[in-house]
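Data first, discussion second: the structure below is written as structure tokens.
There are 2 protein chains.
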Amino acid sequence: MISFNINFVSFFLANELCCAKTKEIINENSDLRRRLLRTRRALEETVTQLTMANQRKKQVEKAICKQIHKTSQVLRVAKANLNSGSETDLSKQ
Amino acid sequence: MISFNINFVSFFLANELCCAKTKEIINENSDLRRRLLRTRRALEETVTQLTMANQRKKQVEKAICKQIHKTSQVLRVAKANLNSGSETDLSKQ
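Read top to bottom, the protein sequences are chains A and B.
Each step along the first sequence adds one to the number in this note's numbering, with nothing skipped, and position 53 is 431.
Each step along the second sequence adds one to the number in this note's numbering, with nothing skipped, and position 41 is 419.
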């Protein structure tokens, strides 16, 4: 009878200890889930920023190429005008 | 005696169940830790990429400003040369 009581008490205590440990791990679990969620959101936000930065970079590259092409054409016309001007000057002399 | 046995068995089973549940949550915990670590690494990598993209953007902006300044100076000199040329032409006439 006494040994049964001791066993009963020891199992009761073991069960209590196990439940306390489980509660602790459950809390840790909730904390980990929250941290994972926060980190995921931060990752998503950073990926969005990076994607936008890359898109903007491509747009700027395209705009620069367009401007270089325009400038190149303007300079070609200016050079042609200068050349025709020089020829006129030469023909006048 | 019978009631003690029933209590003993029920506590034994509750304890076993609690331990099984604890093991399950411990495994879930390990999985969450792994996922958190992976997500953190991905976040760090993306932040590094974004930082590099921003640095590169600033460098390109600086280079463009330098080139615009250079071009502006070249055009100013060319305009001055053209003007002085026209004045010479006028004085010749």
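Using N, Cα and C, we set each Cβ at its ideal position, and we do this for glycine too.
Here the structure is a predicted model, which is why all the values come from computation and not from measurement.
If we cut at 7 angstroms on Cβ distances, does residue i have a partner in chain B?
{"i": "A/Leu414", "result": "yes"}
So which residues on chain B does residue i lean against when the C-beta distance must stay under 7 angstroms?
{"i": "A/Arg411", "result": "Leu410"}
For residue i, go through chain A and note every residue whose CB falls closer than 8 angstroms to its CB, in chain order.
{"i": "B/Lys444", "result": "Residues of chain A passing the Cβ test: none, with the nearest at roughly 14 angstroms."}
Using a cut-off of 9 angstroms between C-beta atoms, extract the partners of residue i located in chain B.
{"i": "A/Asn435", "result": "Reading off the sequence shown, one finds Lys at residue 435 of chain A, where the question assumed Asn. Near A/Lys435 (Cβ distances below 9 angstroms), the residues of chain B are Ala431, Arg434, Lys435, Val438."}
Does the beta carbon of residue i come closer than 7 angstroms to any beta carbon on chain C?
{"i": "B/Cys443", "result": "The structure shown contains no chain C; the protein chains it does contain are A and B."}
Residues from the region 418-430 of chain B in contact with chain A, defined by Cβ distance under 7 angstroms | Along the region 418-430 of chain B, going in chain order, the ones with a CB nearer than 7 angstroms to a CB of chain A are Arg418, Ala420, Leu421, Thr424, Val425, Gln427, Leu428.
For the region 390-409 of chain A, which residues have a beta carbon sitting closer than 8 angstroms to at least one beta carbon of chain B?
-> If the cut-off is 8 angstroms between Cβ atoms, the region 390-409 of chain A has Phe390, Ala392, Asn393, Cys396, Cys397, Lys399, Thr400, Ile403, Ile404, Glu406, Asn407 near chain B.
Listed in chain order, which residues of the region 449-462 of chain B have Cβ atoms closer than 9 angstroms to some Cβ of chain A?
-> Contacts with chain A (Cβ-Cβ distance below 9 angstroms) from the region 449-462 of chain B involve Thr449, Ala456, Leu460, listed in chain order.
Pair every Cβ in the region 440-452 of chain A with every Cβ in the region 452-466 of chain B, then say whether three or more of these pairs are closer than 8 angstroms.
-> Taking a cut-off of 8 angstroms for Cβ pairs, the region 440-452 of chain A and the region 452-466 of chain B do not touch, as fewer than three such pairs fall below it.
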